[in-house]
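Visitor: What follows is a structure written as structure tokens; I'll ask about it next.
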Amino acid sequence: MAKLTASLSLVANALTAATDPGLSSDAISFTLSDILTTTNPSQSISRSFVADGAPHNVLTAAVGAAVGYVFVHIVSTAAADDFVNVAIQGATTIPMFAGEFMFLPTAAGRTIIATPSGGTATIEHAFWTKG
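Once you know that position 43 of the sequence shown is 43 in the working numbering, the rest is easy, because the numbers rise by one and skip nothing.
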């Protein structure tokens, strides 16, 4: 079985919380990480180019896997204010802009559906089965 290390670090208002609070007057700084055991089947990072404002199935989590992990990254969109509605089959869509990403667990056989708001979007995606 392989190991997948997931790490997330969030820092906001660390330097200006007292003088320029913005949305929050509290400084936020934390890091979370986990070592996840994975097994086959998996799909390494792939790229899809989706266009025309129609829904595209960009990835289907392996049917034989009970639980897996999905990674989706919006690499680029046609225009700065374009976004991509991303949904896991049967769930509400999430609008994602260029540069944004998500990493989350999902059930077996779920399809990741991407619908660009305009023009062509480049999307990276991957799937790992929980071991």
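Heads up, the beta-carbon is just placed ideally off N, CA and C, and yes, glycines get one too.
Because the structure is a prediction, the values reported are computed rather than measured.
Between the alpha carbons of Thr-77 and Leu-10, how many angstroms are there, rounded?
Guide: Their backbone Cα atoms lie some 24 Å apart in a straight line.
Visitor: Would you mind sorting Leu-59 into buried or exposed? The rule is 16 or more other CB atoms within 10 Å of its CB.
Guide: buried
Visitor: Select from Val-75, Arg-110, Phe-101, Phe-97 the residue whose C-alpha is nearest the C-alpha of Ala-91.
Guide: Arg-110
Visitor: Within a Cβ cutoff of 8 Å, which residues of the same chain sit near Pro-105, ignoring the five residues on either side of it in sequence?
Guide: Val-67, Gly-68, Tyr-69, Val-70, Lys-130
Visitor: Among the residues of its own chain, which have a CB less than 6 Å from the CB of Phe-101, if the five just before and after it don't count?
Guide: His-73
Visitor: By how many angstroms is the C-alpha of Val-86 removed from the C-alpha of Gly-118?
Guide: 14 Å
Visitor: Confirm, please, whether the CB-CB distance from Thr-31 to Leu-4 is below 7 Å.
Guide: no
Visitor: Leaving aside the five residues before and after Gln-89 along the sequence, list all residues of the same chain whose C-beta is less than 6 Å from its C-beta, in chain order.
Guide: Arg-110, Thr-111
Visitor: Which of the three DSSP states is assigned to Asp-34 in this structure?
Guide: Correct three-state label for Asp-34: strand.
Visitor: To the nearest angstrom, how far is it from the Cα of Ala-61 to the Cα of Ser-44?
Guide: 12 Å
Visitor: To the nearest angstrom, how far is the alpha carbon of Met-1 from that of Trp-128?
Guide: Between Met-1 and Trp-128, the C-alpha separation is close to 11 Å.
Visitor: Can you give the Cα-Cα distance for His-56 and Leu-36, rounded to whole angstroms?
Guide: 29 Å
Visitor: Can you give the Cα-Cα distance for Ser-33 and Phe-97, rounded to whole angstroms?
Guide: 24 Å
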